[in-house]
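Here the protein sequences come in this chain order: B and C. If you read the first sequence in this note's numbering, its first letter stands for residue 1, the second for the next number, and so on. If you read the second sequence in this note's numbering, its first letter stands for residue 1, the second for the next number, and so on. Everything below concerns the one structure shown next.
Protein chains: 2
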Amino acid sequence: MRPLFHPAIDDVRPEAILHALSDPDRASIFAKIAQAGCVETCATVSAVGDRVIPKSSLSSHFKVLREAGLIRCERHGVEMRNHARCAEIDGRFPGLLAAILTAYAARSV
Amino acid sequence: MRPLFHPAIDDVRPEAILHALSDPDRASIFAKIAQAGCVETCATVSAVGDRVIPKSSLSSHFKVLREAGLIRCERHGVEMRNHARCAEIDGRFPGLLAAILTAYAARSV
DNA sequence: CCGTTAGTTCTGAAATTCCGAACTATGGGA
DNA sequence: TCCCATAGTTCGGAATTTCAGAACTAACGG
Numbered sequence: 001m002r003p004l005f006h007p008a009i010d011d012v013r014p015e016a017i018l019h020a021l022s023d024p025d026r027a028s029i030f031a032k033i034a035q036a037g038c039v040e041t042c043a044t045v046s047a048v049g050d051r052v053i054p055k056s057s058l059s060s061h062f063k064v065l066r067e068a069g070l071i072r073c074e075r076h077g078v079e080m081r082n083h084a085r086c087a088e089i090d091g092r093f094p095g096l097l098a099a100i101l102t103a104y105a106a107r108s109v
Numbered sequence: 001m002r003p004l005f006h007p008a009i010d011d012v013r014p015e016a017i018l019h020a021l022s023d024p025d026r027a028s029i030f031a032k033i034a035q036a037g038c039v040e041t042c043a044t045v046s047a048v049g050d051r052v053i054p055k056s057s058l059s060s061h062f063k064v065l066r067e068a069g070l071i072r073c074e075r076h077g078v079e080m081r082n083h084a085r086c087a088e089i090d091g092r093f094p095g096l097l098a099a100i101l102t103a104y105a106a107r108s109v
């Protein structure tokens with residue numbers, strides 16, 4: 001399989017990040033990846049609350065996160081390894097990701 | 001005219017804020033309001049770059065910002081006065097608005 | 001070569017966004 | 001009072017985006 005497209009950090013646009021994280025499911029997926037540093041298999045994150053996100057939706061969520069520049073995906077054998085690009089993004093948009101993840105964490109209280 | 005609906009600060013959800021500001025036009029409108037403290041008339045913000053946002057689009061942008069809890073709108077005579085709810089939101093989601101506005105400001109470089 | 005697992009693409013239905021046209025609300029004259 | 005101008009809202013249809021099931025592909029393990 002051909003390598004997936006990832007935007008260079010300088011091509012990352014804030015509107016893409018906000019749009020990607022404005023969906024609670026995607027925000028939850030990203031939070032898990034950011035927290036774990038590296039998450040293998042999409043199935044690992046497919047449960048959100050008591051719902052299960054369908055595979056096809058999950059695939060497009062990952063695509064949105066990837067194209068927004070939030071994660072980096074590599075295929076390892078049959079599964080996918082996903083890394084959050086937190087350090088890169090924080091260099092370009094300081095405090096943005098932390099503030100967003102904190103806001104979501106504060107929400108459910 | 002009946003008073004417009006504004007969510008209580010505790011009902012403000014982060015996904016609504018991110019969604020509202022994930023549109024560059026709306027983000028630009030909000031940035032102007034936040035910077036000015038208070039903006040009268042929608043026409044004041046209707047120019048974004050070299051484009052002019054149509055009135056009906058502008059109206060729905062204001063509605064999205066208002067319902068997300070980002071601004072407070074009051075009618076004064078024939079025109080509208082818009083205030084950014086920065087302090088309230090910063091109390092609930094610390095650093096969020098500042099990080100987003102800074103990110104947009106850094107983008108165009 | 002076959003089966004299994006992991007993920008992607010296709011496709012059509014549903015929801016959302018966009019913007020022009022028509023409408024409403026408020027205030028200022030004459 | 002009636003009419004006009006201004007500021008903004010609502011309606012409606014076209015275009016775009018999102019969602020999720022079904023079919024497909026890619027990689028590995030016998």
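Beta carbons: idealized from backbone N, C-alpha and C, even for Gly. None of the values given here were measured: they were computed from a predicted structure.
Between the CA atoms of residue j and residue i - distance to the nearest angstrom
{"i": "THR41/C", "j": "ASN82/C", "result": "8 Å"}
{"i": "ILE53/B", "j": "ALA31/B", "result": "16 Å"}
{"i": "MET1/B", "j": "ALA103/B", "result": "Any reading at MET1/B needs caution, since the residue's pLDDT is 49, under 50, leaving its predicted position unreliable; the model's value is listed next. Taking the straight line from one Cα to the other gives about 37 Å."}
{"i": "ILE33/C", "j": "HIS76/B", "result": "48 Å"}
{"i": "GLY37/C", "j": "ILE100/C", "result": "17 Å"}
{"i": "GLY49/C", "j": "SER28/C", "result": "10 Å"}
{"i": "MET80/C", "j": "SER22/C", "result": "24 Å"}
{"i": "LEU18/C", "j": "VAL78/C", "result": "31 Å"}
{"i": "PRO74/B", "j": "GLN35/B", "result": "Here the sequence assigns Glu to residue 74/B, which means Pro is not the residue at that position. Spanning the two alpha carbons is a distance of roughly 18 Å."}
{"i": "ARG72/C", "j": "LYS55/B", "result": "40 Å"}
For residue i, the three-state DSSP class (helix, strand or coil)
{"i": "VAL48/B", "result": "strand"}
{"i": "ARG13/C", "result": "coil"}
{"i": "HIS6/B", "result": "coil"}
{"i": "ALA68/C", "result": "coil"}
{"i": "ARG85/C", "result": "coil"}
Cut-off 7 Å between Cβ atoms - residues of its own chain near residue i, not counting five sequence neighbours on either side
{"i": "PRO14/B", "result": "PHE93"}
{"i": "ALA20/B", "result": "ARG26, VAL64, LEU65, ALA68, LEU70"}
{"i": "SER46/B", "result": "VAL52, ILE53, LEU58"}
{"i": "CYS86/C", "result": "ALA34, LEU97"}
Burial state of residue i (16 or more Cβ within 10 Å)
{"i": "PHE5/B", "result": "exposed"}
{"i": "HIS61/B", "result": "buried"}
{"i": "VAL12/C", "result": "buried"}
{"i": "ALA84/C", "result": "buried"}
{"i": "SER57/C", "result": "exposed"}
Chain-order list of residues whose beta-carbon lies under 6 Å from that of residue i (same chain, five-residue window excluded)
{"i": "ALA16/B", "result": "ALA68"}
{"i": "PRO7/C", "result": "GLY69"}
{"i": "GLU88/B", "result": "ILE9"}
{"i": "ALA106/C", "result": "none"}
Beta-carbon proximity list for residue i, same chain, < 8 Å, skipping 5 on both sides
{"i": "ALA98/C", "result": "ASP90"}
{"i": "VAL39/B", "result": "LYS32, ILE33, VAL45, ARG81, ASN82"}
{"i": "LEU96/C", "result": "PRO14, ILE17, ILE89, ASP90"}
{"i": "ALA43/B", "result": "none"}
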